[in-house]
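S.K.:
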Amino acid sequence: MTPTVVWDAGHKSEHEFDEFVTGRVLGGLPMQEELSLELLSPTLRLVNDSWHARLRRACAKWQADGARSQADGVRALVRRLKEARPSTYQHCIRVARYSRRTGRALGFDNVRLKQLASAAMMHDIGKLLVPESILSRPRRPTKFERFVLKLHPNLGALLASYYGLPAELRIRTQHHHERWDGRGYPHGLGGEDIPLMARVVQVADSFDAMVTRRAYNTPRAFDDAAAELRRESGRQFDPRVVEAFLDTFSESL
Ligand SMILES: [Fe+2]
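Going by our numbering, the sequence shown opens with residue 4, and the numbers climb by one from there.
1. Under 7 Å from any heavy atom of ligand 2, by CB: list those residues in chain order, please.
2. In angstroms, rounded to a whole number, what distance separates the CA positions of Glu-171 and Val-81?
3. Can you look up Ser-209 in the DSSP assignment and give me helix, strand or coil?
4. Quick one: what does DSSP say Ser-253 is sitting in, helix, strand or coil?
5. Return the Cβ separation of Met-213 and Ala-201 in integer angstroms, given the expectation that the two are a contact with Cβ distance under 8 Å.
6. Measuring alpha carbon to alpha carbon, tell me which residue in Phe-240, Gly-194, Glu-86 and Ile-174 is nearest Leu-131.
7. Could you spell out where the alpha helix (DSSP H) holding Phe-225 opens and where it closes?
8. May I ask you to verify whether the stretch 131 to 145 touches the stretch 95 to 107, counting CB pairs closer than 8 Å and requiring at least 3?
9. Counting only runs of 4+ residues fully inside the stretch 140 to 190, write out the alpha helix (DSSP H) ranges in chain order.
10. Taking the alpha-carbon of Thr-251 as reference, which of Val-151, Asn-157, Leu-109 and Asp-184 has the nearest alpha-carbon?
11. Helix, strand or coil for Phe-111 per DSSP?
12. With distances taken between CB atoms, is the gap from Trp-183 to Arg-234 smaller than 8 Å?
13. Do you know whose CA, among Pro-169, Val-98, Glu-148 and Pro-156, lies nearest Asp-75's CA?
14. Considering only DSSP beta bridges, list what Arg-217 is partnered with.
15. Would the stretch 191 to 209 count as touching the stretch 217 to 227 if we require 3 or more Cβ pairs under 8 Å?
16. Using the Cα positions of Glu-148 and Arg-142, report the straight-line distance between them to the nearest angstrom.
17. Determine the direct distance from the alpha carbon of Ala-224 to that of Leu-116, and round the result to whole angstroms.
18. For Phe-240, which beta-bridge partners are listed by DSSP?
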């Protein structure tokens, strides 16, 4: 399956926006049977809420301000993340650091390393559109909260589109929760259909999530997390990426 670009920059009216969010952002998710309409309607309100509308106006204004570079677009979004979701921002910094080291081990040149770092910094940008109450809950997420959290790759691609960022970056942002075995989300891509940079970010992201303290669970030791990456190699993760990641970290593990 080909990765999907989710936003056509020409469509900016209220109506088209609503249609887009309901049709593409939500429609792009693998729906579970147990998710009733009743569960979905608060989500529809969530993605249409005033915060989102404000952000949309801010993005439109930013675009109207004129010719800025793509790097400015990434910086503007990351700055917003730093202000609004500081712990997610710190997570992205670490994921970018892990990703660069892995990319270097995979033989990426400097241009691709820069692209990879941008993709890693942007990977959770969609969490700007997930309520703070869900992100910083002091317990495991409920079924509905999990559903909202799983929107973030598509919401991130949507934000990247507003900011006029290149399609490749949107796609990398959108696919960091796919799985090598095709059982991930949002599109269920598998193997090399998942962009390589998204596969690198995925390993770095999972490692950081395992070794970092969350409100409701204790962090795992580095060697425990490394063992988990090995176990999931070929299932959740691309084996070549896991190998490169672990080689890079072998001295500190
Ligand atoms: Fe994520």
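For every residue, glycine included, the Cβ atom is placed at its ideal position computed from N, Cα and C.
Since the model is a prediction, treat every value here as computed from it, not as a measurement.
M.R.: In brief:
1. This structure simply doesn't include ligand 2; it includes ligand 1 instead.
2. 17 Å
3. helix
4. coil
5. That belief does not hold up - the Cβ atoms of Met-213 and Ala-201 are roughly 19 Å apart, past 8 Å.
6. Glu-86
7. 225 to 235
8. no
9. 146 to 152, 155 to 165 and 170 to 177
10. Leu-109
11. coil
12. no
13. Pro-169
14. Asn-220
15. no
16. 11 Å
17. 28 Å
18. Ser-236
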